[in-house]
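Visitor: Quick note, the sequence shown lines up with residues 5 to 292 if you use our numbering.
Yeah, the Cβ is synthetic: ideal placement off N, Cα and C, and Gly gets one too.
One structure is given below, represented as structure tokens, and several questions about it will come after.
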Amino acid sequence: MLAVLVAGLVSGAVLLLATVGFELVRRVEGFLNIALPQLIVLSGFSAYGFNVLLGFHWIVSCLAAIAVTTVAGVVSARLIFWPMRGRPHYIPMIASVGLAFFIHAMIEVFTGYGVKTLDVPLQETFRIGGIAVAGIDQVAVIVIAALVVIALHFWLSKSYSGRALRAMANNQALAQIRGVNTTYLQYITWAVASALTALAGTLIALTARIYPELGWDQVLIISAAAIIGGLGSIYGVMLAAVLVGLTSSLATLVIPSEYTQMVVFAVIALVVFIRPEGLFSGPKERVA
Numbered sequence: 005m006l007a008v009l010v011a012g013l014v015s016g017a018v019l020l021l022a023t024v025g026f027e028l029v030r031r032v033e034g035f036l037n038i039a040l041p042q043l044i045v046l047s048g049f050s051a052y053g054f055n056v057l058l059g060f061h062w063i064v065s066c067l068a069a070i071a072v073t074t075v076a077g078v079v080s081a082r083l084i085f086w087p088m089r090g091r092p093h094y095i096p097m098i099a100s101v102g103l104a105f106f107i108h109a110m111i112e113v114f115t116g117y118g119v120k121t122l123d124v125p126l127q128e129t130f131r132i133g134g135i136a137v138a139g140i141d142q143v144a145v146i147v148i149a150a151l152v153v154i155a156l157h158f159w160l161s162k163s164y165s166g167r168a169l170r171a172m173a174n175n176q177a178l179a180q181i182r183g184v185n186t187t188y189l190q191y192i193t194w195a196v197a198s199a200l201t202a203l204a205g206t207l208i209a210l211t212a213r214i215y216p217e218l219g220w221d222q223v224l225i226i227s228a229a230a231i232i233g234g235l236g237s238i239y240g241v242m243l244a245a246v247l248v249g250l251t252s253s254l255a256t257l258v259i260p261s262e263y264t265q266m267v268v269f270a271v272i273a274l275v276v277f278i279r280p281e282g283l284f285s286g287p288k289e290r291v292a
């Protein structure tokens, strides 16, 4: 039971990183970027390429993969989404679907259809009463996610760029009048969102396996966490992501693992029915 709980926390921690990136883009740009979860796959396979194909150390490979994926996310925003500003929100969303298919196809072309793993040393496990509870890598994932949450909190609440980002998300025209450099903040938003998603991809590659369809699997779960948390509350989305991870993991105690997504979407249906704005949503004008 304890091992399953830890696995749920690990899953929730990884989901948290990707969902926060997803929500940051949605708040600032005003559309659902369906292509963003594909950066998870791009990051994971980039780490695989640096580590297994080129022979770099796994830490160097993961850092390089995050850098490559972050640049890819910012470049895609600059070339594809920013020229669409001012148009109805469904237009960039449709474009993001096309970009998602493109990234998925390119990954399959260059990597094939198989499952890949990184070349990392075997991890020791923590044991309680002789029962393996968690690997050091799993504990590291939880710690990394916690540190990221703390860093995001201080950035959004204490730094000038974080406060300016919240102002821009509330009212971009007013923020421009007040002298906020919105172009700079949009670069920052996409860089942070892409880096968080890339970090999620490398953590998955380190603790599990990566495969080309991973992005499509993740987009459903990320959307679930965003809906349950309540679109408009970064902290609510964080908590919802952890709850979704725990729910998926604990559900394996009573049903086969291939049916756990059914439980998640049953929770979504219940939340939408009882509280359509999400469990943790605040006022619509807030970003956190």
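Is residue 206 near residue 47, with beta carbons less than 8 Å apart?
Guide: It is a contact, given that the beta carbons lie within the stated cut-off.
Visitor: Confirm, please, whether the CB-CB distance from residue 16 to residue 218 is below 8 Å.
Guide: no
Visitor: Sorted by chain position, which residues of the same chain lie with C-beta nearer than 6 Å to residue 13's C-beta, five sequence neighbours on each side aside?
Guide: Taken in chain order, the residues that qualify are 146.
Visitor: Please report how far the alpha carbon of residue 72 lies from the alpha carbon of residue 43, in whole angstroms.
Guide: 10 Å
Visitor: Using 8 Å as the threshold, is the C-beta distance between residue 268 and residue 241 below it?
Guide: no
Visitor: With H, G and I counted as helix, E and B as strand and the rest as coil, what does DSSP make of residue 289?
Guide: The pLDDT assigned to residue 289 is 41, lower than 50, so where the model puts this residue is not dependable; a value taken from the coordinates is nonetheless given after this. In the structure shown, residue 289 sits in coil (DSSP, three-state: anything other than H, G, I, E or B).
Visitor: With a 10 Å radius around its C-beta and 16 neighbouring C-beta atoms as the bar for buried, classify residue 92 as buried or exposed.
Guide: exposed
Visitor: To which residues of the same chain is residue 289 closer than 6 Å at the C-beta, ignoring the five residues directly before and after it?
Guide: Because residue 289 sits at a pLDDT of 41, beneath the cut-off of 50, its placement in the model cannot be relied upon, and the following sentence gives the value as read from the coordinates. So the list reads 174, once near-sequence residues are dropped.
Visitor: Checking 8 Å against the spacing of the C-beta atoms, do residue 255 and residue 23 come in under that value?
Guide: no
Visitor: Quick check: what's the CA-CA separation for residue 74 versus residue 9?
Guide: 31 Å
Visitor: Are residue 226 and residue 19 close, meaning C-beta to C-beta below 8 Å?
Guide: yes
Visitor: Looking at the unbroken alpha helix (DSSP H) that takes in residue 174, where does it start and where does it end?
Guide: It spans 164-174 - the alpha helix (DSSP H) in which residue 174 sits, taken as one unbroken run.
Visitor: Name the one or two DSSP bridge partners that residue 3 has.
Guide: The structure shown does not extend to residue 3, since the chain is modelled only from 5 to 292, so the question has no answer here.
Visitor: Just confirm the distance between the C-beta atoms of residue 94 and residue 216, as a whole number of angstroms; I'd bet it's less than 8 Å.
Guide: In fact, because the Cβ distance is near 27 Å, the residues do not count as touching under 8 Å.
Visitor: Compute the Euclidean distance between the alpha carbons of residue 302 and residue 191, then round it to the nearest angstrom.
Guide: It is not possible to answer for residue 302, since the shown part of the chain is limited to 5 through 292.
Visitor: Mind checking which residues open and close the alpha helix (DSSP H) that includes residue 36?
Guide: Premise fails: residue 36 is in no alpha helix (DSSP H) and is neither H nor E.
Visitor: How should residue 273 be labelled, buried or exposed, when 16 other C-beta atoms within 10 angstroms of its C-beta is the threshold for buried?
Guide: exposed
Visitor: For a minimum of 4 consecutive residues, which ranges assigned as the alpha helix (DSSP H) are wholly contained in the region 171-206?
Guide: 176-181
Visitor: In the DSSP output, what is residue 214 paired with across the bridge?
Guide: 120.
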